[in-house]
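Presented below is the structure to which this report refers.
Protein chains: 2
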Amino acid sequence: MTEHNTEIQPDNLEQLSLQLIEAQYALKNTKAKKNAKSVLILVNGIELAGKGEAVKQLREWVDPRYLRVKADPPNLIDAQTPFWQPYTRHIPAEGQMMVWFGNWYSDLLATSLHVSKPFDDTTFNTYVDQMKTFEQDLKNNHVDVIKVWFDLSWKSLQKRLDKMDASEQRWHKLHGLDWRNKKQYDNLQKLRNRFTEDWYIIDCEDEDKRDQSFAQHILKHLDHLPNHPVKVRSKWQQAPIPEALIQPDDQALDKDQYKTELKKLTKKVADALRTQGRKTVIVFEGMDAAGKGGAIKRIVKKLDPREYGIYNISAPEKYELARPYLWRFWSKLLDEESISIFDRSWYGRVLVERIEGFATDVEWKRAYDEINRFEKDLVDTQTTVVKFWLAISKDEQEQRFKAREVTPHKRFKITEEDWRNRRRWDDYLHAAADMLQRTDTEYAPWYVIATNDKYSARIQILNALLKQLKVD
Amino acid sequence: MTEHNTEIQPDNLEQLSLQLIEAQYALKNTKAKKNAKSVLILVNGIELAGKGEAVKQLREWVDPRYLRVKADPPNLIDAQTPFWQPYTRHIPAEGQMMVWFGNWYSDLLATSLHVSKPFDDTTFNTYVDQMKTFEQDLKNNHVDVIKVWFDLSWKSLQKRLDKMDASEQRWHKLHGLDWRNKKQYDNLQKLRNRFTEDWYIIDCEDEDKRDQSFAQHILKHLDHLPNHPVKVRSKWQQAPIPEALIQPDDQALDKDQYKTELKKLTKKVADALRTQGRKTVIVFEGMDAAGKGGAIKRIVKKLDPREYGIYNISAPEKYELARPYLWRFWSKLLDEESISIFDRSWYGRVLVERIEGFATDVEWKRAYDEINRFEKDLVDTQTTVVKFWLAISKDEQEQRFKAREVTPHKRFKITEEDWRNRRRWDDYLHAAADMLQRTDTEYAPWYVIATNDKYSARIQILNALLKQLKVD
Chain A
1 MTEHNTEIQP
11 DNLEQLSLQL
21 IEAQYALKNT
31 KAKKNAKSVL
41 ILVNGIELAG
51 KGEAVKQLRE
61 WVDPRYLRVK
71 ADPPNLIDAQ
81 TPFWQPYTRH
91 IPAEGQMMVW
101 FGNWYSDLLA
111 TSLHVSKPFD
121 DTTFNTYVDQ
131 MKTFEQDLKN
141 NHVDVIKVWF
151 DLSWKSLQKR
161 LDKMDASEQR
171 WHKLHGLDWR
181 NKKQYDNLQK
191 LRNRFTEDWY
201 IIDCEDEDKR
211 DQSFAQHILK
221 HLDHLPNHPV
231 KVRSKWQQAP
241 IPEALIQPDD
251 QALDKDQYKT
261 ELKKLTKKVA
271 DALRTQGRKT
281 VIVFEGMDAA
291 GKGGAIKRIV
301 KKLDPREYGI
311 YNISAPEKYE
321 LARPYLWRFW
331 SKLLDEESIS
341 IFDRSWYGRV
351 LVERIEGFAT
361 DVEWKRAYDE
371 INRFEKDLVD
381 TQTTVVKFWL
391 AISKDEQEQR
401 FKAREVTPHK
411 RFKITEEDWR
421 NRRRWDDYLH
431 AAADMLQRTD
441 TEYAPWYVIA
451 TNDKYSARIQ
461 ILNALLKQLK
471 VD
Chain B
1 MTEHNTEIQP
11 DNLEQLSLQL
21 IEAQYALKNT
31 KAKKNAKSVL
41 ILVNGIELAG
51 KGEAVKQLRE
61 WVDPRYLRVK
71 ADPPNLIDAQ
81 TPFWQPYTRH
91 IPAEGQMMVW
101 FGNWYSDLLA
111 TSLHVSKPFD
121 DTTFNTYVDQ
131 MKTFEQDLKN
141 NHVDVIKVWF
151 DLSWKSLQKR
161 LDKMDASEQR
171 WHKLHGLDWR
181 NKKQYDNLQK
191 LRNRFTEDWY
201 IIDCEDEDKR
211 DQSFAQHILK
221 HLDHLPNHPV
231 KVRSKWQQAP
241 IPEALIQPDD
251 QALDKDQYKT
261 ELKKLTKKVA
271 DALRTQGRKT
281 VIVFEGMDAA
291 GKGGAIKRIV
301 KKLDPREYGI
311 YNISAPEKYE
321 LARPYLWRFW
331 SKLLDEESIS
341 IFDRSWYGRV
351 LVERIEGFAT
361 DVEWKRAYDE
371 INRFEKDLVD
381 TQTTVVKFWL
391 AISKDEQEQR
401 FKAREVTPHK
411 RFKITEEDWR
421 NRRRWDDYLH
431 AAADMLQRTD
441 TEYAPWYVIA
451 TNDKYSARIQ
461 ILNALLKQLK
471 VD
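As you go down the protein sequences, you meet chains A and B in turn.
To convert, note that position 69 of the first sequence is 69 in the UniProt record's numbering; the numbers rise steadily by one, no gaps.
To convert, note that position 377 of the second sequence is 377 in the UniProt record's numbering; the numbers rise steadily by one, no gaps.
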């Protein structure tokens with residue numbers, strides 16, 4: 001969507017600046033409000049086209065305190081890291097506006113042009129699709145994405161290179177491409193044409209026009225930030241509640257047999273986790289007192305505490321609420337532990353947040369697909385994802401609650417909130433049924449474990465884990 | 001302070017667990033309260049002594065949801081990074097308790113034992129001193145630090161190595177030292193004896209005693225968390241207010257001369273920043289409307305926005321308040337930009353926080369030394385620190401405030417808060433005087449700039465910057 005804008009007269013530039021500042025403050029003031037938004041501006045283009053100058057000019061027209069600029073050298077895309085991972089920590093919070101020079105498209109181009117064996121067409125296109133989908137997920141979660149390509153002809157590029165002085169040359173060399181190489185230039189243009197179809201493309205021959213065109217595009221965008229969607233388009237089909245959730249198997253395991261099995265399996269699990277050569281993410285969901293803590297204890301039994309991290313997920317904090325709901329999990333997965341165990345997880349979006357109304361209908365109904373994509377990206381980048389739903393009967397839960405209340409060192413585990421959740425038992429069953437139906441994928445399956453008998457439950461969990469780790 | 005504890009009977013273990021859980025919840029409940037605390041447990045020792053097992057046992061006795069464990073492979077200490085930098089992001093927030101296996105002492109030992117040219121005694125001791133001082137700063141800022149050394153004799157270590165199976169060996173190999181090498185063992189013991197004087201040392205021959213001794217030490221500590229100090233020990237001596245702050249020089253610079261100088265200097269500054277081979281941190285403080293924004297604009301004039309980051313510091317958010325006040329600056333300095341410009345800074349501690357009473361007397365009076373140490377650590381690790389106080393007269397400020405109110409695109413810059421701050425003009429002058437006197441160090445000096453004349457101010461700032469960057 002190339003646009004040839006008419007030049008603005010100097011006396012109108014002050015007007016443009018004022019409008020930008022007003023739009024910026026309007027954005028800033030959405031913070032913590034119902035229609036809160038943040039804006040992410042992805043900036044890419046030909047070297048010396050003037051991305052830097054245009055952003056600098058924008059920064060002079062707006063209130064610079066509320067326009068963050070971020071630039072990193074490109075990360076080469078590899079098979080171990082989701083392309084979004086280097087960036088998620090810096091996703092702007094509600095009310096913020098941010099320009100990103102180094103972004104996933106720079107990475108894609110750098111990887112395509114630098115590696116000895118470049119991406120084939122299919123791989124390249126797959127990445128482009130994934131990036132667009134990721135941006136759509138950001139948009140749905142209130143991070144608006146603007147993409148701008150600064151273009152420059154081969155001839156003008158060469159002319160500008162001729163005119164550069166030494167200190168500038170040093171700086172531009174940092175970007176690592178040989179801009180004197182016509183073949184590389186053509187190749188870059190060919191590649192970027194595969195993804196810039198829906199970008200705003202600025203012809204950078206004229207510097208004033210360039211800066212104004214960029215600023216006006218941002219302004220137009222800020223003035224028309226999309227509303228948060230409120231209508232669910234597709235018809236909602238409630239999943240039937242599986243019998244295994246309502247009446248979990250009660251079969252008890254003999255204590256001696258349990259002990260023998262446990263010893264063998266904990267050892268096997270530790271070996272498997274250490275030797276599989278992938279990271280592992282283990283998710284526990286289930287009703288309160290279903291035995292998540294006890295199960296986690298057994299998984300890590302033969303591991304050293306330095307080998308794993310346990311994340312106990314409760315209500316998000318304010319600064320976490322100012323970002324997409326997956327944000328606080330993205331950042332946890334940046335930690336160095338190769339085994340991450342989640343005692344509750346991102347599934348809170350379709351469980352407690354759905355039930356308590358913290359997420360709107362649109363939001364939680366969309367979350368199943370978002371979560372599936374998130375997990376797929378993990379699995380595709382050397383991470384094994386295993387998910388457990390611990391199923392307990394309503395009677396057994398009551399007994400455990402009461403036992404907790406009279407056991408001194410378990411008393412802390414039971415609060416009024418647990419009793420309150422219990423009163424919404426059926427809501428949780430419905431939500432769990434929907435979740436199991438919609439997020440039980442081939443690459444990240446759910447294991448529903450009957451936990452009325454703790455011994456049997458733990459053995460089942462360890463066996464399921466071994467199965468998912470591809471160990472018999 | 002080695003302690004030979006008496007063994008606890010099994011029926012008392014439940015009691016120990018209960019006491020630990022109670023202490024843990026008491027800590028947790030200090031969150032956001034007046035006496036809020038967090039606890040950081042540094043764990044080091046001989047391999048196979050059983051640090052991991054002791055922490056695992058502790059985790060079984062406490063509520064594991066509120067005990068985080070963190071372990072990283074050692075970072076070799078180098079001349080580019082303050083030793084605390086890899087850790088600050090993870091400093092526990094108020095109410096949290098955290099065990100750190102990989103910590104600055106592991107780094108010190110690893111660096112001493114691994115590098116081809118090990119630290120000489122003086123360097124080693126200097127690091128130890130710096131680490132202790134840093135810990136004292138953490139403690140003063142409500143992060144309690146517990147240090148535990150798990151010790152094991154050479155003979156027992158060899159016996160345990162003999163008994164290990166393959167999978168465990170793989171794991172322990174990760175730590176990189178050769179535990180079969182008697183000389184290395186002796187060397188390690190010699191080195192650690194130089195810093196473990198004030199540590200809790202656990203003799204790990206007996207495993208049960210080890211775990212109980214560790215847990216009891218933590219419990220004792222949790223039960224006696226020090227109160228936040230409220231008394232200032234030394235007498236406070238108010239600094240005289242320098243004339244330059246009260247009546248800044250008014251000398252005006254001719255516009256043409258300004259333009260010529262500016263062009264030359266902005267270019268020179270950009271060159272110097274790029275070529276000096278160090279990171280640069282530039283701090284701006286001063287009364288409102290003194291021209292911080294305009295000065296920053298000129299510093300970055302010839303830079304590309306990708307080369308620098310501007311941080312506009314306003315009131316800290318809730319999650320930032322839950323950590324030491326320097327925390328939010330530590331994390332900003334982790335960003336990749338090699339030039340960081342702070343529009344207001346950590347000096348807020350001794351300016352606005354002092355004046356508005358957000359920091360107690362003890363806190364802001366202690367902050368001068370803390371800040372000096374922080375900046376010293378930066379300067380010692382390849383960062384140039386330049387600090388500007390922009391001095392404006394009270395009359396000139398009033399004129400600028402009024403001009404802002406009638407200029408559409410500057411209207412946003414003036415708020416009721418600015419007028420409120422103005423009413424505390426003298427308080428700010430006193431605070432600035434104290435700050436200048438106490439933090440004007442040889443390695444990170446203050447430049448007081450008269451800003452009644454904007455042109456002259458900007459030229460002075462650029463020249464001062466060049467001076468500090470050691471360019472004539």
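Glycine included, C-beta positions come from ideal geometry on N, C-alpha and C.
Three-way DSSP call (helix, strand, coil) for residue i in this model
i, result
"V300(B)", "coil"
"K387(A)", "strand"
"N125(B)", "helix"
"K235(B)", "coil"
"M435(A)", "helix"
"M97(B)", "strand"
"E285(B)", "strand"
"G357(B)", "coil"
"V471(B)", "coil"
"W446(B)", "strand"
"N187(B)", "helix"
"V62(B)", "coil"
"V230(A)", "coil"
"L40(A)", "strand"
"residue 533(A)", "Because chain A here runs from 1 to 472, residue 533(A) falls outside it and cannot be looked at."
"Y200(B)", "strand"
"N421(A)", "helix"
"H4(A)", "Residue placement at H4(A) cannot be trusted, given a pLDDT of 46 that sits under 50; the coordinates are not used to answer."
"Y311(A)", "strand"
Inter-residue spacing [alpha-carbon to alpha-carbon] between residue i and residue j
i, j, result
"K163(A)", "E53(A)", "16 Å"
"Q257(A)", "P240(A)", "35 Å"
"L42(A)", "Q130(A)", "16 Å"
"T126(B)", "I46(B)", "23 Å"
"H430(A)", "Q397(A)", "17 Å"
"T407(A)", "K413(A)", "10 Å"
"L436(A)", "K117(A)", "41 Å"
"L469(A)", "Y308(A)", "16 Å"
"A166(B)", "K279(A)", "21 Å"
"W425(B)", "L225(A)", "41 Å"
"Q216(B)", "E197(B)", "20 Å"
"W389(A)", "V362(A)", "24 Å"
"V300(B)", "A391(A)", "60 Å"
"V471(B)", "A359(B)", "39 Å"
"E285(A)", "K454(A)", "16 Å"
"N103(B)", "L138(B)", "14 Å"
Rounded distance between the beta-carbons of residue j and residue i, thought under 8 Å
i, j, result
"S331(B)", "T88(B)", "7 Å"
"V145(A)", "W199(A)", "Going by Cβ atoms, the distance from V145(A) to W199(A) rounds to 11 Å, so no, they are not a contact pair."
"K387(A)", "W446(A)", "5 Å"
"I310(A)", "I341(A)", "5 Å"
"F195(B)", "V128(B)", "5 Å"
Exposure of residue i, with buried meaning 16 or more beta-carbon neighbours within 10 Å
i, result
"Y443(A)", "exposed"
"K292(A)", "buried"
"D395(B)", "exposed"
"S234(A)", "exposed"
"A79(B)", "exposed"
"N141(A)", "buried"
Which residues DSSP lists as bridging residue i, in chain order
i, result
"R68(A)", "M98(A)"
"T280(A)", "I339(A), T384(A)"
Residue i: CB within 7 Å of a non-hydrogen atom of the ligand NAD
i, result
"D440(A)", "As for the ligand NAD, it is missing from this structure, which has no ligand bound."
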